[in-house]
Amino acid sequence: MIEDLAMHLADLVENSLRAGARHISVALRRQGDWLEMEVGDDGCGVLDHDLPRIVDPFYTTKPRATIGLGLPLLAQTAEETGGTCSIERRGGGGMRVVASWGWAHPDRPPLGDIVGTLVPLIATSPEVEFTVELGDDQGTWRLCTGEVRERLGEIPLTHPDVLRFLEGALREGMDVAGMKEGE
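When we follow my numbering, the leftmost residue of the sequence shown carries the number 963, and every step to the right adds one.
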């Protein structure tokens, strides 16, 4: 069972990593009464003829698996709050998934530990460039691991001090965007 939006985020990013993505963008935006989550990548994507089946729980691209519940559950939780879920191929390869939820809707899952989800994903995939955008009606906060890597020079993203920096920076971004984890 996917209990919070951080778990949905982890599922989407793991799908991107399995698809061989080298660039993954993650955006969380609170706009008015809506919360939107977007994950895009440059991975191998899904074939056009498979795209309509991607929200079918009995369809999966994973070897040795007979069901794939991540995207169907994402779509269901979005729709239960009056929101939407769109899944599309990106030009030049990759996928883009956008889901929205009514912010104050009683059935919207809590945010969960967004930062505690993103930092391990970044740490275990240091060769992938992650761009994280967190925003609200007032503006957008952005972090790009490619830019961090450039400034670090020889110091790896996996260094404990760098991981602490990323965690602190992402928590600051959540505060700037007016999103409290667990909310």
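Idealized CB from N, CA, C, for every residue including glycine.
The structure displayed is predicted, hence computed values, not measured ones.
Separation of residue j from residue i, as counted between CA atoms
i, j, result
"Leu-1114", "Gly-1108", "10 Å"
"Leu-1096", "Asp-1010", "30 Å"
"Val-1149", "Thr-1079", "Here the chain comprises residues numbered 963 to 1145, so residue 1149 is not present and cannot be evaluated."
"Gly-982", "Gly-1055", "11 Å"
"Trp-1065", "Pro-1034", "20 Å"
"Gly-1007", "Val-1081", "24 Å"
"Ile-964", "Ile-1016", "18 Å"
"Thr-1102", "Met-999", "14 Å"
"His-985", "Gln-1100", "27 Å"
"Met-969", "Ala-1037", "14 Å"
"Ile-1084", "Glu-1042", "30 Å"
"Asp-1075", "Leu-1013", "30 Å"
Residue i burial status per 10 Å Cβ neighbour count (16 or more: buried)
i, result
"His-1121", "exposed"
"Ala-1139", "buried"
"Asp-966", "buried"
"Arg-980", "exposed"
"Asp-1003", "buried"
"Gly-1005", "buried"
Closer than 6 Å: residue i CB and nearest the ligand FAD heavy atom
i, result
"Trp-1065", "The ligand FAD is not part of the structure shown, which contains no ligands of any sort."
Residues near residue i in its chain [Cβ-Cβ closer than 8 Å; skip 5 each side]
i, result
"Ala-1040", "Thr-1046, Cys-1047, Ala-1061, Ser-1062, Trp-1063"
"Ala-1131", "Leu-1105"
Residue i - DSSP class collapsed to helix/strand/coil
i, result
"Ala-989", "strand"
"Arg-1102", "According to the sequence shown, residue 1102 is Thr rather than Arg. Looking at Thr-1102 - three-state DSSP - the assignment turns out to be strand."
"Thr-1028", "Low per-residue confidence applies at Thr-1028: pLDDT is 49, beneath 50, and the placement is therefore not dependable, though the value from the model is reported in the following sentence. Thr-1028 falls in the coil class under three-state DSSP."
"Glu-965", "coil"
"Leu-1096", "strand"
"Met-1136", "helix"
"Glu-1109", "helix"
"Ser-978", "helix"
"Val-1090", "coil"
"Asp-995", "coil"
"Ala-1061", "strand"
Nonlocal neighbours in the same chain, by C-beta distance under 6 Å from residue i, ignoring five residues either side
i, result
"Glu-1050", "Arg-1058"
Nonlocal neighbours in the same chain, by C-beta distance under 7 Å from residue i, ignoring five residues either side
i, result
"Arg-992", "Trp-1065, Asp-1098, Ala-1139, Gly-1140, Met-1141"
"Gly-1044", "Gly-1064, His-1067"
"Leu-974", "Val-1001, Val-1059"
Neighbour flag for residue i against chain C, beta carbons, 7 Å
i, result
"Asp-1004", "Here chain C cannot be found, since the structure has a single protein chain."
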